[in-house]
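>
There are 2 protein chains.
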Amino acid sequence: MERESGDGAQIGMMPGEADTGLAAPGRRERNKLAKRARIVAAARDLFRRQGFADTTTQQIADAADIGTGTLFLYARSKEDLLVMVFRDEMLETVRAIFADPPRLASLDARLLAVFNRMADYHADDPDLARLLLKELVVPRSEARRSDVDELMDAIYDGLTAMIAAAPQVRNPAIVARSAFALYYFALLSWLGAGQDRGWCMRLLREQLSHLINGNGADD
Amino acid sequence: MERESGDGAQIGMMPGEADTGLAAPGRRERNKLAKRARIVAAARDLFRRQGFADTTTQQIADAADIGTGTLFLYARSKEDLLVMVFRDEMLETVRAIFADPPRLASLDARLLAVFNRMADYHADDPDLARLLLKELVVPRSEARRSDVDELMDAIYDGLTAMIAAAPQVRNPAIVARSAFALYYFALLSWLGAGQDRGWCMRLLREQLSHLINGNGADD
DNA sequence: GATGTAAAGTGAGTATAATCAGTTTTGACT
DNA sequence: AGTCAAAACTGATTATACTCACTTTACATC
Chain A
7 MERESGDGAQ
17 IGMMPGEADT
27 GLAAPGRRER
37 NKLAKRARIV
47 AAARDLFRRQ
57 GFADTTTQQI
67 ADAADIGTGT
77 LFLYARSKED
87 LLVMVFRDEM
97 LETVRAIFAD
107 PPRLASLDAR
117 LLAVFNRMAD
127 YHADDPDLAR
137 LLLKELVVPR
147 SEARRSDVDE
157 LMDAIYDGLT
167 AMIAAAPQVR
177 NPAIVARSAF
187 ALYYFALLSW
197 LGAGQDRGWC
207 MRLLREQLSH
217 LINGNGADD
Chain B
7 MERESGDGAQ
17 IGMMPGEADT
27 GLAAPGRRER
37 NKLAKRARIV
47 AAARDLFRRQ
57 GFADTTTQQI
67 ADAADIGTGT
77 LFLYARSKED
87 LLVMVFRDEM
97 LETVRAIFAD
107 PPRLASLDAR
117 LLAVFNRMAD
127 YHADDPDLAR
137 LLLKELVVPR
147 SEARRSDVDE
157 LMDAIYDGLT
167 AMIAAAPQVR
177 NPAIVARSAF
187 ALYYFALLSW
197 LGAGQDRGWC
207 MRLLREQLSH
217 LINGNGADD
């Protein structure tokens, strides 16, 4: 009703701004987005190169070519930066995994394969994975919470779809949540408590088998 | 073979030290232990009164009547202090819970009751529980690792005993680990992700029921 | 008791995550 | 163009976990 701007409505418009249009994004908004991207890129490079603890917020600000104060306008804390860095990448990874589900005979084998692929992703950068694991446990800000939720939703949806496709399972949602809880705990044992990855995954296989096939195992 | 000290072997012994004996504790050792206890007590009181974040290491050192430097001779970090504070108390709680297991008809109901009692313990101090949850995920020092391990062993042993007592379960160790993983995840959802406790525990009940009674539920 | 030495203790100092009072930029309206 | 308010930005400053060069204490040996 008031934001309407037909096609000949450049009344007070600057000459060089024609293609941008008045409505939608707006220059401010786009600048902010670009700056956010620059910050995240700078943080990712530094975290990867020299680790989280040895990277100072000063370095990130310098690399992103902004003042230290500005950094905290975009991220509530250094830890938040870590989450920002990995959110997109992890979401993409998870979606790619579920987009091409493994073709194996049994449901528990398929689930294990999916979790193994997720673990592969973490194996590339165990130190960062550890940090993430720790930081994501207790989301401090609402922003972080929603980031985590989005990731979890993607995982639950993927798992539930896989499980629901196997007709013998009565309650796919519950089983999906249980399966993920078991995987999460395996990840914790591996990256957190320092257990051998193979050992953790073998245990997970047994657990998933029990979860899917029931108490009596496969005799 | 070489530590032998009969009963008349006080060759170079000081007069006033007779009852203490040369071997065993030693005054230095006992002093250190007492100081450690004082530090832990001071830290616990302050954490409880004003929370972890709002307690400075300076305050703890003052309350324990030692220098700031000395504090870090006893704890590697402020986070380590938190673990020191809760290790003893949590171990005691867990042991008390398993020493008096609930007398309920079904195994999954008994497990749920045990987990509920653990959750009660955390409910008394959710903020501290959150912190613990976070700090215990990735133990940094070996000392902390062994503290966590001791606690976990107590829990696994208790759960495995409960489960093994129910004859229908084929593999108690695996089921115990699975049950704890499900509980841990419920705790995370409740204290970490901010879900309602009742909701989390109802979900846990369904998960435990499925874990114990198998896929077909209870029809 | 005197002496040497290793353990324990100390607090001024350091590094750095996060803040905030002040400055600059943006863009709507005349 | 000129004006204004709001948004974005800034880096000097602050708060505090942790360190380290030095001092003090404990105790074995003479």
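Note that the protein sequences, when read in sequence, are chains A and B.
Position one of the first sequence corresponds to residue 7 (my numbering), numbered consecutively onward.
Position one of the second sequence corresponds to residue 7 (my numbering), numbered consecutively onward.
C-beta atoms are modelled at their ideal positions from N, C-alpha and C, and glycine is treated no differently.
State the CB to CB distance for the pair B:G52 and B:I66, rounded to an integer number of angstroms; the pair is presumed to be in contact (CB under 8 Å).
One detail in the question is off: residue 52 of chain B reads as Leu in this sequence, not Gly. Indeed, because the Cβ distance is near 6 Å, the residues count as touching under 8 Å.
> Once the 5 residues before and after A:A167 are set aside, which same chain residues still bring their CB inside 7 Å of it?
Closer than 7 Å at the Cβ level, and outside the excluded window around A:A167, lies no residue.
> Quick one: what does DSSP say A:N177 is sitting in, helix, strand or coil?
Residue state, collapsed to three classes: coil.
> Measuring only between beta-carbons, confirm whether B:D155 sits less than 9 Å from chain A.
B:D155 counts as touching chain A.
> Could you check how far apart the C-beta atoms of A:L6 and A:A160 are, in whole angstroms? I think they sit under 8 Å.
Chain A is shown only over 7 to 225; residue 6 of chain A falls outside these bounds and no answer can be derived.
> If the cut-off is 9 Å on Cβ atoms, which residues from the stretch 73-101 of chain A count as contacting chain B, listed in chain order?
Residues passing the 9 Å Cβ filter: none.
> Looking at A:L209: is its Cβ nearer than 9 Å to the Cβ of B:R183?
Cβ distance < 9 Å, so A:L209 and B:R183 count as in contact.
> From B:R203 to B:R34, what distance separates their C-alpha atoms?
Looking at the two C-alpha atoms, the distance is approximately 47 Å.
> Check the Cβ-Cβ distances between A:L194 and every residue of chain B, and say whether any is below 9 Å.
By this cut-off, A:L194 is an interface position.
> Would you kindly report the start and end of the unbroken alpha helix (DSSP H) that includes A:Q201?
Counting along the chain, A:Q201 falls outside any alpha helix (DSSP H), and DSSP gives it neither H nor E.
> Taking 9 Å as the CB-CB cut-off, is A:V120 touching chain B?
So no, A:V120 is outside the interface.
> Is A:A81 helix, strand or coil when you go by DSSP?
Reduced to three states, the DSSP call for A:A81 is coil.
> Which residue comes first and which comes last in the alpha helix (DSSP H) that contains A:A111?
Where A:A111 is concerned, there is no enclosing alpha helix (DSSP H), given that its DSSP letter is neither H nor E.
> Counting only beta-carbon separations shorter than 9 Å, does A:A199 have a partner in chain B?
A:A199 counts as touching chain B.
> With respect to the alpha helix (DSSP H) encompassing A:L39, which residues constitute its N-terminal and C-terminal limits?
It spans R33 to Q56 - the alpha helix (DSSP H) in which A:L39 sits, taken as one unbroken run.
> Quick one: using the 10 Å Cβ neighbour count with 16 as the cut-off for buried, is A:D94 buried or exposed?
Counting Cβ neighbours within 10 Å, A:D94 comes out exposed, since fewer than 16 surround it.
> Hey, how far is the Cα of A:A179 from the Cα of B:D86?
A:A179 and B:D86: Cα-Cα distance of roughly 38 Å.
> Using C-beta distances below 7 Å, list every residue in its chain close to B:G27, excluding the 5 sequence neighbours before and after it, in chain order.
Unreliable positioning characterises B:G27 in this predicted model, as indicated by a pLDDT of 36, which lies under 50. The coordinate reading is nonetheless provided below. Cβ within range, chain order: n/a, list empty.
> From the DSSP output, in three-state form, read off B:D71 for me.
Residue state, collapsed to three classes: coil.
> Can you say whether B:A187 is buried or exposed, counting buried as having 16 or more other CB atoms within 10 angstroms of its CB?
Buried is the call here.
> Tell me which residues of the stretch 204-219 of chain B have at least one Cβ-Cβ distance to chain A shorter than 8 Å, keeping chain order.
Under the 8 Å Cβ criterion, the stretch 204-219 of chain B contributes L209, E212, Q213, H216, L217, I218 and N219.
> Can you tell me the Cβ-Cβ gap for A:L117 and A:A185, rounded? I've got them flagged as a contact below 8 Å.
So it is a contact: roughly 6 Å between Cβ atoms.
> Using a Cβ cut-off of 9 Å, which residues of the stretch 155-175 of chain A contact any Cβ in chain B, in chain order?
Within the stretch 155-175 of chain A, the qualifying residues are D155, M158, Q174 and V175.
> State yes or no: is the beta carbon of A:L188 nearer than 9 Å to at least one beta carbon in chain B?
Taking Cβ atoms only, chain B reaches closer than 9 Å to A:L188, which makes this a yes.
> Could you check the C-alpha separation between B:Y80 and B:W205 for me, to the nearest Å?
Computed Cα separation, rounded: 41 Å.
> Along chain B, in chain order, which residues have C-beta atoms closer than 9 Å to that of A:R123?
Within chain B, no residue comes near A:R123; the closest Cβ sits about 20 Å away, beyond 9 Å.
> Could you tell me whether any Cβ in chain B is nearer than 9 Å to the Cβ of A:F53?
Answer no: the Cβ-Cβ gap between A:F53 and chain B never drops below 9 Å.
> Around the Cβ of A:R36, are there at least 16 other Cβ atoms within 10 angstroms (buried) or fewer (exposed)?
Exposed, since its Cβ has fewer than 16 Cβ neighbours within 10 Å.
> By DSSP, does B:D131 sit in helix, in strand, or in coil?
Three-state DSSP puts B:D131 in coil, outside helix and strand.
> Alpha carbon to alpha carbon, how far is B:L139 from A:G32?
Approximately 43 Å between the Cα atoms of the pair.
> Got a sec: is the Cβ-Cβ distance from B:R183 to anything in chain A below 9 Å?
Closer than 9 Å: yes.
> Nearest chain B C-beta to A:F58 closer than 9 Å, yes or no?
No, no contact with chain B.
> Skipping 5 residues on each side, what residues in its chain have a beta carbon closer than 6 Å to that of B:R50?
For B:R50, where only same-chain residues beyond five positions count, the Cβ hits under 6 Å are V91.
> Beta carbon of B:L134, beta carbon of B:R54: below 9 Å?
Contact flag set, yes.
> Using a C-beta to C-beta distance shorter than 9 Å, which residues of chain A count as neighbours of B:F104?
Under the 9 Å cutoff, chain A gives no residues; its nearest Cβ is about 20 Å from B:F104.
> Distance cutoff 9 Å, beta carbons only. Does A:N177 sit that close to anything in chain B?
So, interface residue.
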